[in-house]
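Position 13 (the sequence shown) corresponds to 13 in my numbering; numbering is contiguous.
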Amino acid sequence: MKVSKEILKQYRDLIIKKRELELEISKIEVELGRLMIGAGVGTEEDFYEFLEEYNKYIKTLK
């Protein structure tokens, strides 16, 4: 089966965009943790527990 160069380029671009979005999500998660801890609404341990639950939830959306 032959795949056109244009389709391969689109696929590559989508993979790059996905990685960029995953990086942005990671940055937001870190900032959320800083805000939670800074606001005194949780500890670092609470944040990591929250992230575990959040990641489980995200996996159910895929």
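Positions of the beta carbon are idealized from the N, C-alpha and C atoms, including for glycine. Quantities reported herein were computed from a predicted structural model and do not represent experimental measurements.
By the DSSP assignment, the alpha helix (DSSP H) with K27 in it spans what residues?
K27: member of the alpha helix (DSSP H) spanning K5 to G38, first to last residue.
Contact belief for G38 with F47 at Cβ below 8 Å, rounded distance in angstroms:
About 11 Å; that fails the 8 Å criterion.
Measure how close the beta-carbons of L61 and E29 come, nearest whole angstrom, since I'm counting them as under 8 Å.
Rounded, the Cβ-Cβ distance is 15 Å, inconsistent with contact.
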